[in-house]
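From first to last, the protein sequence lines stand for chains A and B.
Start counting the first sequence at 1; every next residue gets the next number (full-length UniProt numbering).
Start counting the second sequence at 1; every next residue gets the next number (full-length UniProt numbering).
All remarks here apply to the structure that follows.
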Amino acid sequence: MDLFIELIITFCAIIGFGVIFSVPKRALLLGGGIGVITWFVLQTGINMGTSTVFATVIASLTAATIAHLLAKKIRIPVTTLSIPGILPLVPGSRAYFTMLSFVDGDYLQGLEYGVETMLQAGAIAAGLVLALSIFSFGKGIGNRYETGH
Amino acid sequence: MMKAADEVMDICLLAGEIMLTYGAETYRVEETLERMARAAGFTNVHCFATTTGIFLSFEEKKGKEDLMQMVRVDDRMQDLNKVTEVNQVSREFTAGELTVEEADARLKKIHKAPIHYPIWLIHLAAGVAGSGFSYLFGGGLQDLLPAYIAAVMASVTLVEFERYLKVRFAAELAAAFVGGSVAIFLVFIGLGLSLDQIIIGSLMPLVPGVPLTNAVRDLLSGDLLAGMSRGVEALLTSLSIASGIALSISFFL
Numbered sequence: 001m002d003l004f005i006e007l008i009i010t011f012c013a014i015i016g017f018g019v020i021f022s023v024p025k026r027a028l029l030l031g032g033g034i035g036v037i038t039w040f041v042l043q044t045g046i047n048m049g050t051s052t053v054f055a056t057v058i059a060s061l062t063a064a065t066i067a068h069l070l071a072k073k074i075r076i077p078v079t080t081l082s083i084p085g086i087l088p089l090v091p092g093s094r095a096y097f098t099m100l101s102f103v104d105g106d107y108l109q110g111l112e113y114g115v116e117t118m119l120q121a122g123a124i125a126a127g128l129v130l131a132l133s134i135f136s137f138g139k140g141i142g143n144r145y146e147t148g149h
Numbered sequence: 001m002m003k004a005a006d007e008v009m010d011i012c013l014l015a016g017e018i019m020l021t022y023g024a025e026t027y028r029v030e031e032t033l034e035r036m037a038r039a040a041g042f043t044n045v046h047c048f049a050t051t052t053g054i055f056l057s058f059e060e061k062k063g064k065e066d067l068m069q070m071v072r073v074d075d076r077m078q079d080l081n082k083v084t085e086v087n088q089v090s091r092e093f094t095a096g097e098l099t100v101e102e103a104d105a106r107l108k109k110i111h112k113a114p115i116h117y118p119i120w121l122i123h124l125a126a127g128v129a130g131s132g133f134s135y136l137f138g139g140g141l142q143d144l145l146p147a148y149i150a151a152v153m154a155s156v157t158l159v160e161f162e163r164y165l166k167v168r169f170a171a172e173l174a175a176a177f178v179g180g181s182v183a184i185f186l187v188f189i190g191l192g193l194s195l196d197q198i199i200i201g202s203l204m205p206l207v208p209g210v211p212l213t214n215a216v217r218d219l220l221s222g223d224l225l226a227g228m229s230r231g232v233e234a235l236l237t238s239l240s241i242a243s244g245i246a247l248s249i250s251f252f253l
């Protein structure tokens, strides 16, 4: 039941964010839907006992994959869907406590929160990168060897 | 036909400028411009874009000198609707459904158009987003209202400061300061319980989501310069938010 309320609130919050970023109308609801799925995956992962960072990678990968698929289908830039999709994962709370600890002069605690913030941001990036790599198969992106000829 | 080449150059650069200003990834700008120039029948097309400028060069016909122009992009805002519309124009132009004049007219219209949603709706949406995230970060249902008020106040401050001072980082700092102060005040008069969650919620609408996502995408597709500069931009925004909120906490707590 708690999760259900959270999902509804996520949906509203993500649509709010969509308006802030001026996402076109036909993508607003889709973005909200992707955000809900992201939050659901994240919470399910955490409830199943995985670490927050791992759950974030999975959730971000899910969001980016759905965003890529839908963006191809309705022909809009993928950012309009992937940004709302990953917003529920943003480590705003950790970032805030990092700042709070530094303001209080508790530098060790601040560093701990800071590292957690960086890890979570890195996990979001990792999910995006994985999805992007999957959808660039064959087209090529960032080659290391000239194996093509 | 020197005139045609010049016109194509103009619409390409206008399209690129709109996309870059309103938050498209660098690779998308380069790809769109190259496609449009090729569709107009030019060869030897090269485009180089960073976060702050675009270079475009192409050859009208063999043996003639290449055309080369650049535009400087000063503002970086977030309006993904404009990016989508330019994308649509470039798609139709590449498919040959639009003439140069039609594309020019449509791009100018997009360029002049006001922001997609009215500004009051953006303030209200910032409130909804802020209160929603304050709940998701662990606040209770009674914290929804104060977080809503604080987030709307932060959003109004951001827009009004940017309108009159036109300094982005100062506006972000002021918005974070106002958001934090309003949250502290509301908790002080007994509206809402969990102060931390209300503050976080009210600051969430300021998070630089567009530059962050674009930084990752640009770095990955090999636009290292653009990726780094976007990342630094997002970092600067985060730092000014953090200092704004730190200021209000040191003042009032």
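C-beta: ideal position from N, C-alpha, C; glycine also.
Item to check | CB contact flag (Pro211(B), Gly16(B), <9 Å) | outcome: no
Next on the checklist: Could you check whether the region 113 to 129 of chain A touches the region 121 to 137 of chain B, counting it as contact only if at least three pairs of C-beta atoms, one from each stretch, sit closer than 8 Å?
Outcome noted: no
Next on the checklist: If the cut-off is 9 Å on Cβ atoms, which residues from the region 70 to 101 of chain A count as contacting chain B, listed in chain order?
Outcome noted: Arg75, Ile76, Pro77, Val78, Thr79, Thr80, Ser82, Ile83, Pro84, Ile86, Leu87, Pro88, Val90, Gly92, Ser93, Ala95, Tyr96, Phe97, Thr98, Met99 and Leu100
Next on the checklist: Checking 9 Å against the spacing of the C-beta atoms, do Gly92(A) and Ile249(B) come in under that value?
Outcome noted: no
Checklist entry - Mind checking Ala5(B): buried by the 16 CB within 10 Å criterion, or exposed? => result buried
Next on the checklist: List, from N- to C-terminal side, the alpha helix (DSSP H) runs of 4 residues or more that fit wholly inside the region 127 to 159 of chain B.
Outcome noted: none
Item to check | Contacting positions in the region 186 to 197 of chain B - beta carbon closer than 9 Å to chain A | outcome: Asp196 and Gln197
Checklist entry - Taking DSSP as the reference, what is the three-state secondary structure of Glu112(A)? => result helix
Checklist entry - Going along the chain, which residues of its own chain have a beta-carbon closer than 8 Å to the beta-carbon of Ser229(B), five neighbours each way excluded? => result Thr50, Thr51 and Thr52
Checklist entry - With a cut-off of 9 Å, does the C-beta of Gln142(B) fall near any C-beta of chain A? => result no
Item to check | Where Phe83(B) meets chain A, residues with beta-carbon distance less than 8 Å | outcome: Sequence inspection shows Val at residue 83(B); the Phe mentioned does not correspond to that position. Result: Pro77, Thr79 and Thr80.
Item to check | C-beta neighbour in chain B for Ile46(A), strict 9 Å | outcome: no
Checklist entry - Which residues in chain A sit within 8 Å of Pro205(B), going by Cβ to Cβ distance? => result Gly16, Phe17 and Ile20
Item to check | Neighbourhood of Ile34(A) by C-beta distance below 7 Å, restricted to the same chain and skipping five residues each side | outcome: Ala63, Ile66, Ala67, Leu81, Pro84 and Gly85
Checklist entry - What whole-angstrom Cβ distance do Ile110(B) and Lys64(B) have, given they're in contact under 8 Å? => result In fact, because the Cβ distance is near 32 Å, the residues do not count as touching under 8 Å.
Item to check | Spatial neighbours of Val36(A) in its chain, beta-carbon cut-off 7 Å, leaving aside the 5 residues before and after | outcome: Leu7, Thr10 and Phe11
Checklist entry - What's the gap between the Cα of Val152(B) and the Cα of Phe58(B)? => result 48 Å
Checklist entry - So is Thr65(A) in contact with chain E if we call contact Cβ pairs under 9 Å? => result Absence of chain E from the displayed structure is noted, the protein chains being A and B.
Next on the checklist: Strictly under 9 Å for the Cβ-Cβ distance: is residue 165(A) near chain B by that measure?
Outcome noted: The question about residue 165(A) has no answer here: the residues shown for chain A are numbered 1 through 149.
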